[in-house]
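In my numbering, the protein residues as written are 944 to 1289. Below is one structure; the comments refer to it alone.
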Amino acid sequence: MSNTVLVTGGAGYIGSHAVLALLQNGKNVVVLDNLSNSLRAALDHVENICGKRPVFVEGDIRDSALLDQVFSEHAIEAVFHFAGLKAVGESVREPEKYYDNNVAGTLTLLKTMNQHGVFNFVFSSSATVYGCPSEMPISEETKVERPTNPYGRTKLIIEDMLRDFSDADERWNIALLRYFNPIGAHESGLLGEHPQGIPNNLLPYISQVAIGTLKELKVFGNDHPTPDGTGIRDYIHVVDLVEGHLKALDFICEHKGLHTWNLGTGTGYSVIEIIDSFEQVTGQNIPYSFTERRAGDVAESWSNPAKAKVEMNWVASRTLEDMIRDTWRWQSNYPAGYASTPTPTH
Ligand code: NAD
Ligand code: UDP
């Protein structure tokens, strides 16, 4: 078997951390990314950390001729599929863009893999497939409900598509990884999240308030049925998350078929708890005020990650303090993400 992994979306937030981990584990890496939500500079930073660079192909997963060329030129063993659009609000306004990019793009990728006899596939799914979850914590046995927005529905459709492919052809080895809330940054402070425009997610938003780019945080609702009224999520360090991908790849190479795992810590924190921890860890003040609930938000979402522990021997080992400290290190080194002039202070 070859030793090369194709990482779609490898210049993005989670993808770039996965590229680093793969290179550090002796894999060859080919990145395919259209740079629609990332900068090539992320891969320079990967090289600064580990002294190795992936092959980079700028292009789109919907371009079947380009995919054909990539699979012809490289002896690809497996695909980590991160490429996709992920902004929930945008997916409500422009669903066609999401179905085309995420669903049609993934189908094009799978067809090309099939043509080239590559069947190991690790997919970035999301806890959003549980919709309004019927129980807490959420295990893989928890009923999958209709996701509350088009972005989530693209993830569920892709999961169904992969299940059908796996049922029809036993050569497919597939990991469906349902992420809870990835945050944090590589501990070097050189790799992190680079949101374009005003961030949608909590941690990037708080970091930009802390650095002074944004004035105050709006907390979406203090009337949720939770102890302090604010939303509860299971935040997971991005480096723990990508370690889960490497374990999943090892697992599917040994155990055929399709496997589903939650990747979370098993602990939920409210928005207020996150603000308090951020202030404590960084010493920064986070001004905030309450506003109405965000449409489609569930009150709480946290995982039971036991299946990944039992089957893959994977656990998320980094604490909330680690996540916040690493986020802040990256944010203060690179206030404008990869577009910043580097001014490392840590
Ligand atoms: P990201 O936007 O930072 O990375 C996605 C990358 O894919 C970007 O570099 C973008 O340029 C690229 N891309 C998008 N469409 C493409 C296309 N058609 N062809 C080629 N490249 C394309 O996002 P991320 O946070 O790193 O997320 C990675 C994956 O994980 C996504 O599929 C996302 O839906 C999923 N996910 C993310 C979260 C999260 O909170 N970050 C949670 C659950 C699931
Ligand atoms: N949140 C908030 N203000 C923001 C962004 C998020 O209060 O500006 C809340 C949101 O309502 C949720 C939690 O923070 O309860 C996590 O939101 P995020 O968008 O990061 O993750 P998701 O809701 O997609 O799980």
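Ideal Cβ positions, reconstructed from N, Cα and C, are used throughout, including at glycine.
Whole-Å CB distance - residue i paired with residue j, under 8 Å assumed
{"i": "serine 959", "j": "leucine 1134", "result": "6 Å"}
{"i": "isoleucine 992", "j": "leucine 963", "result": "6 Å"}
{"i": "alanine 1259", "j": "aspartate 1183", "result": "4 Å"}
{"i": "arginine 1106", "j": "leucine 1201", "result": "6 Å"}
{"i": "leucine 1192", "j": "alanine 1021", "result": "6 Å"}
{"i": "leucine 1009", "j": "leucine 1052", "result": "That pair is no contact at about 11 Å."}
{"i": "alanine 1293", "j": "asparagine 1143", "result": "Nothing can be reported for residue 1293, as the shown portion of the chain is limited to 944 through 1289."}
Close Cβ partners of residue i (< 7 Å) along its chain, the five nearest in sequence each way excluded
{"i": "glycine 1211", "result": "Ile1175, Arg1176, Asp1177, Glu1243 and Trp1245"}
{"i": "aspartate 1171", "result": "Ser1213 and Ile1215"}
{"i": "leucine 1263", "result": "Tyr1178, Tyr1212 and Ser1220"}
{"i": "tyrosine 1041", "result": "Leu1028, Ser1034, Pro1093, Tyr1094 and Thr1097"}
{"i": "glycine 1002", "result": "Leu975, Asn977 and Leu1009"}
{"i": "proline 1168", "result": "Ala1242"}
Beta-carbon proximity list for residue i, same chain, < 6 Å, skipping 5 on both sides
{"i": "proline 1269", "result": "Strictly speaking, residue 1269 in this sequence is aspartate, with proline absent from that position. Gly1127, Ala1128 and Glu1130."}
{"i": "tryptophan 1257", "result": "Gly1187, Lys1190 and Ala1251"}
{"i": "glutamate 1078", "result": "Thr1085"}
{"i": "leucine 1099", "result": "Val1072 and Pro1090"}
{"i": "asparagine 1044", "result": "Leu1028"}
{"i": "alanine 1199", "result": "With the sequence shown as reference, residue 1199 is identified as lysine, and alanine is not the correct amino acid for it. For lysine 1199, where only same-chain residues beyond five positions count, the Cβ hits under 6 Å are Asn1116."}
{"i": "leucine 982", "result": "Tyr1281"}
{"i": "histidine 1017", "result": "Thr947 and Val973"}
{"i": "glutamine 1227", "result": "Ala1153"}
{"i": "glutamine 1274", "result": "Ser1150 and Ile1154"}
{"i": "lysine 995", "result": "Leu966"}
Secondary structure of residue i, DSSP reduced to three states
{"i": "phenylalanine 1066", "result": "strand"}
{"i": "leucine 1134", "result": "coil"}
{"i": "arginine 1089", "result": "coil"}
{"i": "serine 1213", "result": "strand"}
{"i": "proline 1168", "result": "coil"}
{"i": "asparagine 1044", "result": "helix"}
{"i": "aspartate 1103", "result": "helix"}
{"i": "threonine 947", "result": "strand"}
{"i": "tryptophan 1204", "result": "strand"}
{"i": "histidine 1289", "result": "In this predicted model, histidine 1289 has a pLDDT of only 47, less than 50, meaning its place in the structure is not dependable enough to derive any value."}
{"i": "proline 1038", "result": "helix"}
{"i": "tyrosine 1277", "result": "coil"}
{"i": "arginine 1096", "result": "helix"}
{"i": "isoleucine 1149", "result": "helix"}
{"i": "asparagine 971", "result": "strand"}
{"i": "alanine 1282", "result": "helix"}
{"i": "histidine 1059", "result": "coil"}
{"i": "arginine 1237", "result": "coil"}
{"i": "glutamate 1222", "result": "helix"}
{"i": "arginine 1121", "result": "strand"}
{"i": "alanine 1021", "result": "strand"}
{"i": "arginine 1176", "result": "strand"}
{"i": "lysine 1161", "result": "strand"}
Residue i and residue j closer than 7 Å at C-beta
{"i": "isoleucine 1154", "j": "proline 1278", "result": "yes"}
{"i": "aspartate 987", "j": "glycine 952", "result": "no"}
{"i": "valine 1061", "j": "isoleucine 1019", "result": "yes"}
{"i": "tyrosine 1281", "j": "alanine 961", "result": "no"}
{"i": "phenylalanine 1066", "j": "isoleucine 957", "result": "no"}
{"i": "phenylalanine 1194", "j": "methionine 1255", "result": "yes"}
{"i": "valine 989", "j": "valine 950", "result": "no"}
{"i": "asparagine 927", "j": "serine 1007", "result": "The structure shown does not extend to residue 927, since the chain is modelled only from 944 through 1289, so no value can be given for it."}
{"i": "glycine 1048", "j": "asparagine 1276", "result": "no"}
{"i": "phenylalanine 1123", "j": "glycine 1207", "result": "yes"}
{"i": "proline 1125", "j": "valine 1181", "result": "yes"}
Cβ-based neighbour list, residue i, same chain, cut-off 8 Å, excluding 5 preceding and 5 following
{"i": "leucine 1157", "result": "Ile1141, Tyr1148 and Gln1151"}
{"i": "serine 979", "result": "Leu1028"}
{"i": "threonine 1225", "result": "Ala1153, Ile1267, Arg1268 and Trp1271"}
{"i": "arginine 1005", "result": "Asp1043, Asn1044, Ala1047, Gly1048 and Thr1051"}
{"i": "glutamate 1235", "result": "Phe1163 and Gly1164"}
{"i": "cysteine 1075", "result": "Glu1088, Thr1091 and Val1241"}
Candidates the options, of which the one nearest residue i by Cα
{"i": "aspartate 1103", "options": "Phe999, Ser1068 and His1198", "result": "Ser1068"}
{"i": "phenylalanine 1023", "options": "Tyr1094, Val972, Asp1240 and Gly1239", "result": "Val972"}
{"i": "methionine 1056", "options": "Tyr1042, Asp1110 and Val948", "result": "Val948"}
{"i": "glycine 1209", "options": "Asp1003, Pro1080 and Thr1173", "result": "Pro1080"}
{"i": "asparagine 1165", "options": "Leu982, Asp1240 and Glu1001", "result": "Asp1240"}
{"i": "valine 1253", "options": "Phe1014, Trp1204, Asn1143 and Lys1161", "result": "Trp1204"}
{"i": "glutamine 1058", "options": "Ile1229, Val1013, Glu1039 and Ala954", "result": "Val1013"}
{"i": "lysine 1161", "options": "Thr1169, Phe1233 and Pro1125", "result": "Phe1233"}
{"i": "alanine 1238", "options": "Phe999, Ile1218, Gly1032 and Gln967", "result": "Gly1032"}
{"i": "glutamate 1197", "options": "Pro1076, Asn1063 and Gln1223", "result": "Asn1063"}
{"i": "asparagine 968", "options": "Ala954, Arg1261, Val1185 and Glu1088", "result": "Val1185"}
{"i": "glycine 955", "options": "Glu1037, Gln1223, Glu1136 and Pro1230", "result": "Glu1136"}
Cutoff 7 Å: residue i Cβ touching any chain C Cβ
{"i": "methionine 1079", "result": "Annotation note: the requested chain C is absent from the structure, which comprises a single protein chain."}
Heavy atom of the ligand COA within 6 Å of residue i beta-carbon
{"i": "leucine 1028", "result": "What this structure holds is the ligand NAD and the ligand UDP, not the ligand COA."}
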